[in-house]
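*Asks:* Below: one structure in structure tokens.
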Amino acid sequence: MALQIACSADDLGPEEAKLVELAGAAGTVPVAVVRDADGEYHALSDICSHGAVSLSDGEVEGCLVECWLHGSQFDLRTGRPLQLPAIKPVPVYPVSVEDGNVLVDVDATVAVAS
Numbered sequence: 001m002a003l004q005i006a007c008s009a010d011d012l013g014p015e016e017a018k019l020v021e022l023a024g025a026a027g028t029v030p031v032a033v034v035r036d037a038d039g040e041y042h043a044l045s046d047i048c049s050h051g052a053v054s055l056s057d058g059e060v061e062g063c064l065v066e067c068w069l070h071g072s073q074f075d076l077r078t079g080r081p082l083q084l085p086a087i088k089p090v091p092v093y094p095v096s097v098e099d100g101n102v103l104v105d106v107d108a109t110v111a112v113a114s
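Under full-length UniProt numbering, the first residue of the sequence shown is numbered 1, with each subsequent residue one higher.
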């Protein structure tokens, strides 16, 4: 697979998230498409690594999203947890904005330096 349209760039205001389901090589992938406080777009797994609930239902602040169930916070750029109880990162997917659309590749993940 490759980049595919996740949503319109206009669907999200600053510090908003949206759940989209995209086709991946292994089946349907739930993705949280998020616009951070600076207007940048991010895509990460919509499933919290701690509580298995939707991250797109959580609060977005700056460049992090907070899980609504137990308060775990994840960096939108890396997927790394910044607040317990989560200790495992969530996958982060490549994003591009073209012709007013947010494009995501769910079959690739963003490499993050240790």
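Note that beta-carbon positions come from the ideal geometry of N, C-alpha and C, so glycine has one too. Computed from a predicted model, the values in this text were never measured in an experiment.
#1: Which same chain residues, not among the five before or five after Asp-57, have their C-beta less than 6 Å away from its C-beta?
#2: Tell me the DSSP bridge mates of His-42?
#3: From which residue to which residue does the beta strand (DSSP E) around Glu-16 run?
#4: Figure out for me which residue from Cys-63, Ile-87, Glu-66, Val-102 has the closest Cα to the Cα of Ser-49.
#5: Does the separation of the CB atoms of Ala-37 and Glu-15 fall below 7 Å?
#6: Per DSSP, what kind of secondary structure is Ser-8 in: helix, strand or coil?
#7: Nearest-angstrom Cα distance between Glu-40 and Gly-24?
#8: Flag this pair as yes or no: are the beta carbons of Val-92 and Leu-44 separated by less than 7 Å?
#9: According to DSSP, is Asp-75 helix, strand or coil?
#10: With burial defined as no fewer than 16 other Cβ atoms inside 10 Å of the residue's Cβ, what is the status of Val-90: buried or exposed?
#11: Do Val-29 and Val-102 have their beta-carbon atoms positioned less than 7 Å apart in this structure?
*Replies:* Walking through what the data contain:
#1: Position 57 of the sequence shown, counted from the start, is the residue given in the question as residue 57. Cβ neighbours of Asp-57 beyond the five flanking positions: Trp-68.
#2: Mapped onto the sequence shown, residue 42 falls at position 42. Note: His-42 sits in a beta bridge opposite Val-34.
#3: Looking up residue 16 in the sequence shown gives position 16. Segment 16-24, the beta strand (DSSP E) holding Glu-16.
#4: Against the sequence shown, residue 49 aligns to sequence position 49. Comparing Cα-Cα distances from Ser-49 to each of Cys-63, Ile-87, Glu-66, Val-102, the minimum goes to Ile-87.
#5: As a first step, residue 37 must be located in the sequence shown, where it is residue number 37. As a first step, residue 15 must be located in the sequence shown, where it is residue number 15. It is a contact, given that the beta carbons lie within the stated cut-off.
#6: The sequence position of residue 8 within the sequence shown is 8, counting from 1. In this structure, Ser-8 counts as strand in the three-state DSSP scheme.
#7: Sequence index remark: in the sequence shown, residue 40 carries index 40 (1-based). Sequence index remark: in the sequence shown, residue 24 carries index 24 (1-based). About 23 Å.
#8: As a working mapping, residue 92 is identified with position 92 in the sequence shown. As a working mapping, residue 44 is identified with position 44 in the sequence shown. In this structure, Leu-44 lies closer than 7 Å to Val-92 by Cβ.
#9: Walking along the sequence shown from the start, residue 75 turns up at place 75. In the structure shown, Asp-75 sits in a strand (DSSP, three-state: E or B).
#10: Position 90 of the sequence shown, counted from the first residue, corresponds to residue 90. Under this definition Val-90 is a buried residue.
#11: For this step, residue 102 is matched to residue 102 along the sequence shown. For this step, residue 29 is matched to residue 29 along the sequence shown. No, they are not a contact pair.
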